[in-house]
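Here's the structure, in C-alpha cells; my notes come after.
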Amino acid sequence: MPLYTIWNEGTWGEIVFAAVHCTGGDILIAMSALMLALMLSGRGWPLVASTRRSVTVLTVVFGLGYTLFSEWLNIVIRAAWAYSDLMPIIPILDAGLSPVLQWIVIPLVAFWWVWRPFNNDRDV
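Going by full-length UniProt numbering, the first residue of the sequence shown is number 1, and it counts up by one from there.
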C-alpha cells in the first residue's frame with residue numbers, strides 16, 4: 001500500500017477496503033488467466049511437462065497483460081488510483097514495478113510449488 005497514494009491520503013477504512021477489493025480482483029485475474037491458459041493449451045495438464053510449461057507461460061502472460069492494461073486504465077484514463085513517489089516506474093511501460101513483478105514472481109513460485117510432485121516425470 002505505501003506504493004500507492006491511498007496510503008498517505010486515504011482513511012484506514014479506505015485502505016482496508018482497497019486491500020480487500022484489490023486482493024479479490026487479483027484472485028479473479030489469476031483464476032481467469034489460469035482458466036484461459038488451460039483452455040488453450042491444457043491438454044494433459046498437469047501430467048505432461050511441456051503442457052505444464054505452456055500453461056505457466058500463458059498464465060503469466062495473460063495475468064501480466066491484464067495487469068498492464070488495468071494499471072493504464074485506472075491510473076491514466078480513470079485516475080482511480082495513483083502511484084506514490086515510492087513506486088519504481090518501468091519507463092517504457094509507464095507501469096509500476098511492483099504490480100508487474102507481482103504477476104511474474106507469484107505465479108512462477110506457485111507453479112513451481114504445484115509442480116514439485118511432477119518434476120521428475122517425463123512427458124507422457
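C-beta atoms are modelled at their ideal positions from N, C-alpha and C, and glycine is treated no differently.
Measuring C-alpha to C-alpha distances from Ala33 to each of Met87, Thr59, Asn119 identifies Thr59 as the nearest. 8 angstroms or more divides the Cβ of Val61 from the Cβ of Leu38. Around the CB of Pro117, fewer than 16 other CB atoms lie within 10 Å, so the residue is classed as exposed.
Bounds of the alpha helix (DSSP H) holding Tyr66 are 49 to 72. Distance from the CA of Leu73 to the CA of Met31, rounded to the nearest whole angstrom, comes to 21 angstroms.
Within 10 angstroms of the beta-carbon of Arg78 lie fewer than 16 other beta-carbons, which makes it exposed. In the DSSP assignment, Phe17 falls within the unbroken alpha helix (DSSP H) covering 12 to 41.
Annotation: Leu47 to Ser41 spans about 13 angstroms, alpha carbon to alpha carbon.
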